[in-house]
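Take a look at the structure below.
Number of protein chains: 2
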Amino acid sequence: MKSTISFKEAKACPIQFVLAVNDTLNVISGKWKLPIIGSLLFEKRRFTDIQRNIPKITPRMLSKELKDLEINGMVKRTVYDTTPIMVEYELTESGKLLSDVLDKMLEWGLQHREATIAKN
Amino acid sequence: MKSTISFKEAKACPIQFVLAVNDTLNVISGKWKLPIIGSLLFEKRRFTDIQRNIPKITPRMLSKELKDLEINGMVKRTVYDTTPIMVEYELTESGKLLSDVLDKMLEWGLQHREATIAKN
DNA sequence: TATATCGATATACTTTTGTATAGTGACAAC
DNA sequence: GTTGTCACTATACAAAAGTATATCGATATA
């Protein structure tokens, strides 16, 4: 019995393919996930720091999204017992690897914009 | 004055980066976009055909999502004046290129699953 | 004593997204 | 003339996602 699926196997089965791609999609879906991930891509940051970096986000949403990302193994949260309290958020190894995916999305997004502009 | 942005430029500016990646994300976000794209990846299909391929989708959602995909330049719709009427949906060139992105998402999704299972 | 910082949480609300169910019009077959 | 196919649309509703605004407790500073 096998607990994991290979790339080859997933590609061969449309259902497995959609399910596995959807796993990735769920991690980055929503209005604020990308801005937060982007904010953490090059450096660890603190709560208020991220908030300042993403001007329109409310603390409620930032708190909720960071929790989601932590649960999904994208972000690591570290509390330092200083005064005032200090909480650091950083991407996990897996989280950092997501930049490969984002680069591909960027590439496609730009080519797609070109392609659709060209048709008008 | 330049109307388009290069990969290099977008990567260098966090704001442009997030905006451009978000363009791609928007195209594939939602409950039914991936199943529909998956259904069209290897062959053109007709409305009822897609519906049968994605058992739980309602015609309302299928119709709406196909319109979205068409507007976004992902899908081409062709009407044949036969009886009964025949409408074919197929991915555009740009739509087909999305499979590169989906492959990367699949790859990351599988490695991420491994990585997070390993930690438990 | 009053005000500010940090990292949040609480409550109420609006907007967006998706579901359920029924029905349309043109035709064709039985 | 009833039933079926195709590609949808209409209406009403439920659930999920996001917003607005106020507040918390611990501690420090003016």
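Chains A and B, in that order, are what the protein sequence lines are.
Counting in the numbering used here, the first sequence runs from 1 upward without gaps.
Counting in the numbering used here, the second sequence runs from 1001 upward without gaps.
Think of the CB as a built atom: it goes at the ideal place given N, C-alpha and C, for glycine as much as any other residue.
Beta-carbon spacing of residue i, residue j below 7 Å
i              : j              : result
residue 73/A   : residue 92/A   : yes
residue 106/A  : residue 1020/B : yes
residue 1101/B : residue 104/A  : yes
residue 1029/B : residue 6/A    : no
Nearest neighbour of residue i, chosen from the options [CA to CA]
i              : options                        : result
residue 1071/B : 1087/B, 1045/B, 1095/B         : 1095/B
residue 1022/B : 24/A, 40/A, 35/A               : 35/A
residue 38/A   : 1102/B, 1057/B, 1089/B, 1016/B : 1016/B
residue 48/A   : 42/A, 41/A, 57/A               : 57/A
residue 1044/B : 1018/B, 1030/B, 1086/B, 1104/B : 1086/B
residue 1084/B : 1046/B, 1117/B, 1090/B, 1118/B : 1046/B
residue 1050/B : 1080/B, 1076/B, 1089/B, 1012/B : 1089/B
residue 1075/B : 25/A, 24/A, 112/A, 14/A        : 112/A
residue 41/A   : 1025/B, 1063/B, 1013/B, 1041/B : 1013/B
Any chain B beta carbon closer than 7 Å to residue i
i             : result
residue 26/A  : no
residue 104/A : yes
residue 59/A  : no
residue 110/A : yes
residue 47/A  : no
residue 87/A  : no
residue 23/A  : yes
Chain A within 7 Å of residue i, Cβ atoms only
i              : result
residue 1031/B : no
residue 950/B  : Residue 950/B falls outside the range modelled here, since chain B spans only 1001 to 1120, and no answer is possible.
residue 1116/B : yes
residue 1075/B : no
residue 1034/B : yes
residue 1012/B : no
residue 1068/B : no
residue 957/B  : In this structure chain B extends from 1001 to 1120, so residue 957/B is not present and cannot be described.
residue 1107/B : yes
residue 1018/B : yes
Cβ neighbours of residue i in the same chain (closer than 8 Å, five flanking residues each side left out)
i              : result
residue 33/A   : 27, 65, 68, 69
residue 1082/B : none
Beta-carbon proximity list for residue i, same chain, < 6 Å, skipping 5 on both sides
i              : result
residue 53/A   : 39
residue 10/A   : 16, 17, 20
residue 1078/B : 1088
Same chain only: Cβ atoms within 7 Å of residue i, ignoring 5 sequence neighbours per side
i              : result
residue 1061/B : 1032
residue 59/A   : 51
| query | Where in the stretch 1080-1108 of chain B do unbroken runs of the beta strand (DSSP E), each at least 3 residues long, occur, reported from the N-terminal end onward? | reply | 1086-1091
| Complete alpha helix (DSSP H) runs within the stretch 3-32 of chain A (minimum length 4 residues, chain order) | 7-12, 14-28
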